[in-house]
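> In the numbering used here, the protein residues as written are 21 to 115.
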Amino acid sequence: MDNPNQQFVDQLFAPLRANFGAPRPDGSIVLSLLDESDATAYSRVLNATQMSDPQAFAQSLEDIRLELAVRSGSIPAEMRKALKEQDSVLSYHTS
């Protein structure tokens, strides 16, 4: 499906290519990122709000970028710094 954000998303996730699926009955779409052989490397459902609100759309793309970075083992430097500052450990209390 053609999407006005196609070129932007393609540039953001290069070398992967974005494919926006047909709208679902609830208004959501499936964003797939395809590799050079057109195999799906990643896909996520974006709801109608994420598609219609530019800020929500941008946050969704940033979430995808972070997830891909974590999966590939290349967490951005600012994220590593934030995790170190938080000691990257959650406190759990047992009763």
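Think of the CB as a built atom: it goes at the ideal place given N, C-alpha and C, for glycine as much as any other residue.
Count the other CB atoms, across all protein chains shown, that sit within 10 Å of the CB of residue 79; report buried if there are 16 or more and exposed otherwise.
exposed
> Pick out the complete beta strand (DSSP E) segments inside the region 35 to 82, 3 residues or longer, and give them in chain order.
37 to 40, 49 to 54, 60 to 66
> Determine, using beta carbons only, whether residue 38 and residue 30 come nearer to each other than 7 Å.
At the C-beta level, residue 38 and residue 30 come within 7 Å of one another.
> Consult DSSP for residue 94 and reduce its assignment to one of helix, strand or coil.
Judged by DSSP in its simplified three-state form, residue 94 adopts coil rather than helix or strand.
> Between the C-alpha atoms of residue 56 and residue 84, what's the straight-line distance to the nearest angstrom?
19 Å
> I need the DSSP call for residue 28, collapsed to helix, strand or coil.
helix
> Leaving out the 5 sequence neighbours to the left and right, which residues in its chain are closer than 7 Å to residue 61 when beta-carbon positions are compared?
36, 53, 54, 55
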